[in-house]
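In our numbering, the protein residues as written are 1 to 464.
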């Protein structure tokens, strides 16, 4: 009898010990089958090469936050003033550290050149980051030296390089002659020669490199839409809560803008040699497809977005958690639906240095806490496989066709309600914490909604 009582006691204690484990397993099983929803803040993902970020900061200790969001391509800069501080006086310490930090996490570097060495550039052009080199051959040697270090051919490579760096960008936001984030203060002919010399140098070091032309600013893309494609809207950029630049349709169709297009924009897009054109995407998301289509037609090149972000405060926009989540979904799907390879989201963490309109686009707040856009990226990282194609069905409704033929719909606004009639769906119930629900009543009517056969399995915590 004593042993029976003891055995029963052991059994009770064992059951008690296993109960929390079984409860946790039950919760995981419940989540994997869709019942009860999904906590995107807990979803594990791996870096996805269909998703990107611009400006992760110079300290690699923060790069893990990029990988944890499921982002795979990361834009950093190669600044002449830091890499060559005097003729042939190279110091790759900082760039090596960043490249190594990215590759260690399985992230793909996308490198933007900046010709900002005062000692090697024409003084009158120092007001922009792409200052004009005094000696174009010297600039070309610098570019070739940098690319050679990261091309992975075994000659003069960075110690510890794990794979070649293929993406190289030149002449960021080149249309403006006063843009301190990029710009070009020389002539159009000099700009074309600068891009040509850069591309020749890049290809000399690595024939397989992809040369991306500097991004056309969103403001300028919208001017082009009005001037070239007849769109009827004003174009805005906010500098503060009370100050903004506004150009009306009549002003945009005037001679001043026409002259810039004819004498700067079109010659560069049509004559400068590069492999891929780039647009920066801010402001109204519903313009993205038209922006990328126009850029493709003007350049006759494939397109990417080397900067994108939202929600922007231009055009009277306001920040909210739900808007941040939706902006990540919409901007990325816009680019992929337009045939772009990726969109590089503007900034990892909130800090100074952005325009007023883009002050809230970053993925993490100043205390490194994830904002709703991080959860949106985790969802996209699960949905987009390497063969996935994206097509817009109607405004606010996209169809993702995965490599195995699986179809997942994503919608917001009025189309979201239609998706909630599907057998498998999730809607965004709490943007701030990344909660998805299978209960339509738990979500706002127009909240982002995902639907399709196999969706619950894709968001299962047991897969990655």
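Each residue gets a CB set at the ideal place from its N, CA and C atoms; glycine is no exception.
- In this structure, DSSP gives residue 50 an extended state, which the three-state scheme calls strand.
- Within the model, the alpha-carbon separation for residue 379 versus residue 129 is close to 36 angstroms.
- For residue 325, there is no enclosing beta strand (DSSP E); the residue is found in the alpha helix (DSSP H) stretching over 321 to 337.
- Between the region 72 to 91 and the region 45 to 57 there are three or more inter-stretch CB-CB distances shorter than 8 angstroms, so the stretches are counted as touching.
- Comparing alpha carbon positions, the residue from 140, 209, 216, 226 closest to residue 175 is 216.
- Segment contact: the region 178 to 189 against the region 154 to 169, fewer than three CB-CB distances shorter than 8 angstroms; contact not assigned.
- It is roughly 31 angstroms from the alpha-carbon of residue 416 to the alpha-carbon of residue 226.
- Of all alpha-carbon atoms in 118, 99, 361, the one lying nearest the alpha-carbon of residue 109 is that of 99.
- Taking 8 angstroms as the cut-off, the Cβ atoms of residue 66 and residue 107 count as close.
- The continuous stretches of beta strand (DSSP E) do not include residue 139, which lies in the alpha helix (DSSP H) extending over residues 136 to 149.
- Excluding five sequence positions before and after residue 234, the CB atoms of its chain that fall closer than 7 angstroms to its own CB belong to 246, 247, 248, 249, given in chain order.
- In the three-state reduction of the DSSP assignment, residue 278 falls in the strand class.
- For residue 445, there is no enclosing beta strand (DSSP E), as DSSP marks it with neither H nor E.
- Under DSSP, residue 305 takes part in a beta bridge, and its partners are 343.
- Residues of the same chain with a CB within less than 7 angstroms of the CB of residue 331, apart from the 5 flanking positions on each side, are 281, 285, 288, 308, 310, 343 in chain order.
- In the displayed model, residue 375 falls within a helix according to three-state DSSP.
- As summarised for the region 186 to 247, the continuous alpha helix (DSSP H) elements at least 4 residues long and confined to that stretch are 188 to 205, 218 to 229, given in chain order.
- If the five residues before and after residue 403 are omitted, its C-beta is found closer than 6 angstroms to the C-beta atoms of 385, 387, all from its own chain and listed in chain order.
- 8 angstroms or more divides the Cβ of residue 396 from the Cβ of residue 328.
- With respect to the C-alpha of residue 147, the residue from 200, 190, 117 having the closest C-alpha is 200.
- It is roughly 21 angstroms from the alpha-carbon of residue 325 to the alpha-carbon of residue 341.
- The beta carbon of residue 139 sits closer than 7 angstroms to the beta carbons of 115, 133, 197 from its chain, once the five residues preceding and following it are set aside; these are given in chain order.
- By the criterion of a C-beta distance shorter than 7 angstroms, residue 240 is surrounded in its chain by 356, once the five residues flanking it on both sides are discounted.
- Counting only residues of its own chain and dropping the five nearest sequence neighbours on each side, residue 410 has a CB closer than 6 angstroms to the CB of 398, 450.
- Per DSSP, the beta bridge partners of residue 437 are 427.
- When rounded, the separation of the alpha-carbon atoms in residue 123 and residue 219 is 27 angstroms.
- In the DSSP annotation of this structure, residue 115 is not part of any alpha helix (DSSP H), being labelled neither H nor E.
- A residue is called buried when at least 16 other Cβ atoms come within 10 angstroms of its Cβ; residue 121 meets this threshold and is buried.
- Contact annotation: residue 213 and residue 171 have beta-carbon atoms nearer than 8 angstroms.
- Using a Cβ distance threshold of 8 angstroms, residue 167 and residue 236 do not count as a contacting pair.
- Here the region 297 to 305 does not lie against the region 346 to 365, with fewer than 3 beta-carbon pairs under 8 angstroms apart.
- Taken through DSSP and simplified to helix, strand or coil, residue 399 comes out as strand.
- Under the DSSP assignment, residue 389 falls outside any alpha helix (DSSP H), being part of the beta strand (DSSP E) whose first and last residues are 389 to 394.
- Residue 369 and residue 162 have their alpha carbons spaced roughly 30 angstroms apart.
- Around residue 62, the same chain offers 56, 348, 349, 368 as residues with beta carbons nearer than 8 angstroms, after the five sequence neighbours per side are excluded.
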